[in-house]
Structures are given as C-alpha cells and as structure tokens.
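Note sheet for the following structure.
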C-alpha cells in the first residue's frame, strides 16, 4: 500500500479508542484483501466486538461491511469478493432467488398448517355430530 494511503488510514483510526487497525493476521486476510483492491483495510471495532472492512478510496466514508464471521479467515476474503460493486447484479439476483425460495417455503408451510387445522376442526365437529 502506498505510504500516503497508509498514513491516511492510521490518522483516521489512531484517534479512535474503538478501532484497532489490523495489519497482520493469522491467515493474512488483511493482505489478501489488498490483492482485490489496494484501498481495503481491516479494523477491529472494540465497541461492537466485530471486524470491519473499509476502503480508503471510497468517496463517502471508508466503511464497506462488517465481517459476518467471528474470526478473520478465507470466508472474509470470499465475502469481500462477493459484495464488491462489480458483483452487485449477481448479488441482487441471488437475493431475489433466495427470497422467492423462502416465499415458496412459507406458502407451503401456511397451506400445510391450514390443512392440519381444518382437519382438526373437522374432527371436532364430527365428534359433536355423533353425540
């Protein structure tokens, strides 16, 4: 990373008591993210107890995403690739597909629940008619 960018990042986060800049990690994720985009860097948010990925070259703030995993590992790298703006069409398509699947499951569950309740209600009325 260029020295000026590195200094900018350190200036941004050295003043905050809630952020710890992660420059080295066990699986070298901080450097692997720089292979995707030189501006990426990772901080640990001590207030939220979560890792965050930022990009020094973002126009409006540096925040990109909060790492959805407890530890930094290869999943973070793949998550970063998946959520890049260049992949937004694929991501939206995948979200829509998953939403449709969930909607189908919910509809099927609702129909099964209604059938079961109708069957139970029918059984109650059948017993009352026999009396």
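Numbering (my numbering), first residue to last: 1350 to 1480. All C-beta atoms in this analysis are idealised placements derived from N, C-alpha and C, irrespective of residue type, glycine included.
Margin query: Tell me the residue span of the alpha helix (DSSP H) that contains residue 1427.
Written below: Within the chain shown, the letter at position 78 stands for residue 1427. Per DSSP, residue 1427 belongs to the alpha helix (DSSP H) from 1423-1432.
Note to self: Going by beta-carbon coordinates alone, are residue 1391 and residue 1371 separated by less than 7 Å?
What the structure shows: Counting from one through the chain shown, the residue named residue 1391 turns up at place 42. Counting from one through the chain shown, the residue named residue 1371 turns up at place 22. Against a cut-off of 7 Å, the Cβ pair of residue 1371 and residue 1391 comes out as a contact.
Margin query: Excluding the 5 residues flanking residue 1402 on each side, which residues of the same chain have their C-beta closer than 7 Å to its C-beta?
Written below: Walking along the chain shown from the start, residue 1402 turns up at place 53. Same-chain partners within the cutoff: 1382, 1389, 1391, 1413, 1414, 1416, 1429.
Note to self: Relative to the C-alpha of residue 1378, which candidate in 1427, 1360, 1463 has its C-alpha closest?
What the structure shows: Here residue 1378 refers to the residue found at position 29 of the chain shown. With distances taken between Cα atoms, residue 1378 lies closest to 1427.
Next item on the list: Can you grab the Cα-Cα spacing for the pair residue 1458 / residue 1466, in whole Å?
Entry: Here residue 1458 refers to the residue found at position 109 when the chain shown is read from its first residue. Here residue 1466 refers to the residue found at position 117 when the chain shown is read from its first residue. Spanning the two alpha carbons is a distance of roughly 12 Å.
Notebook entry, point to check: DSSP puts residue 1402 in a beta bridge; with which residues?
Noted result: Walking along the chain shown from the start, residue 1402 turns up at place 53. BP columns for residue 1402 point to 1391, 1414.
Checklist line | Beta-carbon proximity check, residue 1376 vs residue 1422, cutoff 7 Å | finding: As a working note, residue 1376 is residue 27 in the chain shown. As a working note, residue 1422 is residue 73 in the chain shown. Yes, these two residues count as a Cβ contact at 7 Å.
Check: What did DSSP end up calling residue 1375 once you bin it into helix, strand or coil?
Finding: Here residue 1375 refers to the residue found at position 26 when the chain shown is read from its first residue. The answer is coil: DSSP assigns residue 1375 none of H, G, I, E or B.
Note to self: Alpha carbons only, please: which of 1380, 1374, 1396 is nearest the one belonging to residue 1366?
What the structure shows: For the purposes of this step, residue 1366 is taken as residue 17 along the chain shown, with counting starting at 1. Among 1380, 1374, 1396, the Cα nearest to that of residue 1366 is on 1396.
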